[in-house]
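Numbering (full-length UniProt numbering), first residue to last: 1 to 331. C-beta: ideal position from N, C-alpha, C; glycine also. Here's the structure we're looking at; comments come further down.
Structural data, given as structure tokens:
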């Protein structure tokens, strides 16, 4: 179910959405850093046991703040989607999402909004891997994890030039968000990656924004062993859906033949080769050169076809925004 944009001409108004769960120690400082270029701030209390929402209502005098309460804990993705819906309904044109734990620098909001306002991008996201010297601040396990997740996300989302997929500092044009099925986007920690897949289905332009990592005394609620299965299955599901949508449902090209044919040849050559390899061990008779070639050639050709498909897919990444938000966004 997509959302409808109001007819308000205030397309350039910016709203910040902050999902809140156990962040009472940091949230007031985060709000205080948000500059005057932001018109509205949505605090989404995701059934927080510490009462983050009530805490903000009682201690924050900022008139831009509006507190939303989720009756059930939906997860960070569910909280962000609740904020998106409210901001879209209120007529904001750009929606920025930052976390409430102090890891992100709110003074960078204009840097995320500018490409959207100029029409160069539909969605911007942080990337902590541009400055190699400052990456040393990041825990090594996070560096390794982000590298693995980034590689998997390139396949599943189709945004090959994007990196650091789990970075939660993002901004999106309200008109683009309104095209997305917000109720279908993953509500837990997979939601940033799932957002990229959904954005590809509407051919949105995604742009990485270089940022520095900030690690203080915050405690992450993400447990790798609990979300590993969710991430693996999510990537596989999104990859299959994206390939079907882009290469078979919406249209066909030479790449539509390269991938299945390449996989078929690799599979056939591997099975044929393993069968004769096992047979030669059991019979103690060396496999002939001809049999080896019959196995190797399909594998070689299959790999070439798959690589050709990947090259086509990389070149197909959306690079031109088709958004029409009116004069306020410089279109």
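Report yes if the CB atom of residue i is closer than 7 Å to the CB atom of residue j, and no otherwise.
| i | j | result |
| --- | --- | --- |
| residue 122 | residue 321 | yes |
| residue 102 | residue 183 | no |
| residue 83 | residue 44 | yes |
| residue 269 | residue 299 | yes |
| residue 261 | residue 305 | yes |
| residue 235 | residue 156 | yes |
| residue 64 | residue 42 | no |
| residue 72 | residue 47 | yes |
| residue 247 | residue 233 | no |
| residue 23 | residue 75 | no |
| residue 110 | residue 37 | yes |
| residue 230 | residue 197 | no |
| residue 124 | residue 153 | no |
| residue 273 | residue 295 | yes |
Starting from the Cα of residue i, find the closest Cα among the options and give me that residue.
| i | options | result |
| --- | --- | --- |
| residue 162 | 152, 208, 299 and 187 | 208 |
| residue 245 | 201, 261 and 234 | 201 |
| residue 148 | 158, 138 and 164 | 164 |
| residue 128 | 170, 181, 89 and 20 | 170 |
| residue 57 | 89, 28 and 145 | 28 |
| residue 166 | 142, 70, 31 and 160 | 142 |
| residue 205 | 173, 303, 272 and 75 | 173 |
| residue 289 | 276, 282 and 283 | 276 |
| residue 104 | 81, 130, 34 and 113 | 34 |
| residue 307 | 81, 263 and 53 | 263 |
Any idea which residues DSSP pairs residue i with across the strands?
| i | result |
| --- | --- |
| residue 206 | 123 |
| residue 66 | 42 |
| residue 270 | Answer by DSSP bridge pairing: none, since residue 270 is not bridged. |
| residue 173 | 94 |
| residue 14 | 94 |
Could you tell me how far apart the beta carbons of residue i and residue j are, in whole angstroms, since I believe they sit closer than 8 Å?
| i | j | result |
| --- | --- | --- |
| residue 13 | residue 119 | Rounded, the Cβ-Cβ distance is 16 Å, inconsistent with contact. |
| residue 18 | residue 116 | About 19 Å separates the two Cβ atoms, so there is no contact after all. |
| residue 177 | residue 95 | 6 Å |
| residue 15 | residue 50 | Actually they do not touch by this definition, with Cβ atoms about 24 Å apart. |
| residue 126 | residue 185 | That pair is no contact at about 19 Å. |
| residue 265 | residue 301 | 5 Å |
| residue 160 | residue 314 | 5 Å |
| residue 106 | residue 203 | Contact doesn't hold; Cβ gap of about 30 Å is too wide. |
| residue 88 | residue 60 | Not a contact, Cβ separation roughly 23 Å. |
| residue 323 | residue 175 | 6 Å |
Return yes when at least one heavy atom of the ligand ZN lies under 6 Å from the C-beta of residue i, else no.
| i | result |
| --- | --- |
| residue 154 | The model on display carries no ligand, and the ligand ZN is accordingly not part of it. |
| query | Curious, which full-length beta strand (DSSP E) runs of at least 3 residues does the UniProt domain "Glycosyltransferase 2-like" (16-171) contain? | reply | Listed in chain order, the complete beta strand (DSSP E) runs (minimum 3 residues) inside the UniProt domain "Glycosyltransferase 2-like" (16-171) are 40-45, 65-69, 94-97 and 123-127.
| message | In chain order, what are the residue ranges of uninterrupted alpha helix (DSSP H) at least 4 long that sit wholly in the region 221-255? | response | If we require 4 residues or more, the alpha helix (DSSP H) runs fully inside the region 221-255 come out as 224-244.
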